[in-house]
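Notes follow once the structure below has been shown.
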Amino acid sequence: MTQNELVQEVLYMAENITQNFKPVDGSCLYMSAILAAMINDHLPVATRFVTGSLSVAGSKIFAHHPIKPKLNQKSGLIAQWDGHAWVEVDDLIFDLSIFRTVFSTAASPHIQTLFEERFDRGTAYLIGQNHKLIEMGVEYTSLELLSDDDATIFIQNADRIGLING
Numbered sequence: 003m004t005q006n007e008l009v010q011e012v013l014y015m016a017e018n019i020t021q022n023f024k025p026v027d028g029s030c031l032y033m034s035a036i037l038a039a040m041i042n043d044h045l046p047v048a049t050r051f052v053t054g055s056l057s058v059a060g061s062k063i064f065a066h067h068p069i070k071p072k073l074n075q076k077s078g079l080i081a082q083w084d085g086h087a088w089v090e091v092d093d094l095i096f097d098l099s100i101f102r103t104v105f106s107t108a109a110s111p112h113i114q115t116l117f118e119e120r121f122d123r124g125t126a127y128l129i130g131q132n133h134k135l136i137e138m139g140v141e142y143t144s145l146e147l148l149s150d151d152d153a154t155i156f157i158q159n160a161d162r163i164g165l166i167n168g
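In our numbering, the protein residues as written are 3 to 168.
What follows is the structure, given as structure tokens:
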């Protein structure tokens with residue numbers, strides 16, 4: 003599978019996910035888990051469902067706090083987590099939730115400006131080559147690899163709390 007074919011297939015998946023997912027900020031774990039599962043189920047590539055930090059133009063947008071220790075806790079999992087999640091395949095970054103969060107009322111005007119200088123405000127999701135994003139001043143740093151079982155937990159929780167339209 004060529005990189006172009008991969009991107010085309012993932013674009014179809016991204017459209018499906020974003021159209022069927024309630025438009026809420028802070029949904030990176032859930033949306034990334036669904037995307038990772040769909041790619042793993044339907045494409046012959048190795049995905050990495052990760053959490054980490056994100057900086058734009060040297061400004062930290064999301065810090066990294068490990069999520070795995072919170073998976074064993076009974077409550078407050080997401081409400082108390084400060085971090086970001088996305089999917090990687092080779093040099094490609096797939097971030098379905100970034101613009102929902104950045105252009106929500108929860109984000110500061112400074113953060114919104116950093117993104118508006120690099121992306122169209124109407125962009126639904128980010129798909130890009132990591133090295134090209136770095137050239138643009140957008141730096142994803144993956145720090146924690148999540149498993150298929152972790153993804154299943156987030157998918158089940160997204161369904162349970164009503165984030166998936168259906």
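All residues carry an ideal CB built from backbone N, CA and C; glycine is no exception.
When the alpha-carbon of V140 is set against those of M15, Q131, Q21, Y32, the nearest one is in Q131. DSSP places D97 in the uninterrupted beta strand (DSSP E) bounded by 94-97. Rounded to whole angstroms, the separation of the alpha carbons of R162 and M138 is 38 Å. Taking each of L98, V91, D43 in turn and checking the Cα distance to T4, the smallest one comes out for V91. The alpha-carbon of L147 is positioned some 30 Å away from that of E119.
The continuous stretches of beta strand (DSSP E) do not include V9, which lies in the alpha helix (DSSP H) extending over residues 5-21. Judged by DSSP secondary structure, T143 falls within the beta strand (DSSP E) whose first and last residues are 140-148.
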